[in-house]
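Q: Numbering (the working numbering), first residue to last: 9 to 127.
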Amino acid sequence: MRKLGFCMGLSLAFLTTVPAFAGSIMPTITGGDVNNGKALFTLCITCHQVNGEGNESLGAPKISGQHDWYLTRQLKNFKAGIRGTHASDTNGARMRSMAMSLANDQAIDDVVAYIMTLK
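1) Please report the distance separating the alpha-carbon of Asp-41 from that of Asp-113.
2) Val-58: buried (16+ other C-beta within 10 angstroms of its C-beta) or exposed?
3) Classify His-94: buried if its beta carbon has 16 or more other beta carbons within 10 angstroms, exposed otherwise.
4) Less than 7 Å between C-beta atoms, sequence neighbours within five positions excluded: which residues of the same chain meet that for Lys-84?
5) Is DSSP giving Asn-63 helix, strand or coil here?
6) In or out: Leu-66 buried (at least 16 other Cβ within 10 Å) or exposed?
7) Taking Cys-52 as part of the alpha helix (DSSP H), name the residues at either end of that continuous run.
This is how it looks when you write it as structure tokens:
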């Protein structure tokens, strides 16, 4: 019975800390200019569609409805060469060239802010 009480207490402690921990690694991006992001998004439309639904035949995933922190991280990873540089990753190489057209972190924040308006 003591083990059960200990396990339940440990589970409760874990469950109460998970939301705080998750929030610290998955922040919401703020400071993006939606209007500038809309202009930047015109390059994305070819593969990801006007509504961000993606295009399976082009290997372009759905980006509407995705978390802002995830989109930001992926764009930065493409720009940094963490993604899209492997010889067999042709879709990633295409995406990397698009990400490289975003001049700086503010441009990334802007385009992500616009993507967040797509539903």
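For each residue, glycine too, the CB sits at the ideal point set by N, CA and C.
A: Looking at the atomic coordinates:
1) C-alpha separation (whole angstroms): 12 Å.
2) Classified as exposed, Val-58 has fewer than 16 neighbouring CB atoms from the shown chains inside 10 Å of its CB.
3) Around the CB of His-94, fewer than 16 other CB atoms lie within 10 Å, so the residue is classed as exposed.
4) Taking Lys-84 as the centre and dropping the five residues before and after it, the same chain places the C-beta of Ile-116 closer than 7 Å to its C-beta, in chain order.
5) DSSP places Asn-63 in strand when its eight states are reduced to three.
6) Residue burial is scored here from C-beta neighbours: Leu-66 has fewer than 16 other C-beta atoms within 10 angstroms and is therefore classed as exposed.
7) Where Cys-52 is concerned, there is no enclosing alpha helix (DSSP H), given that its DSSP letter is neither H nor E.
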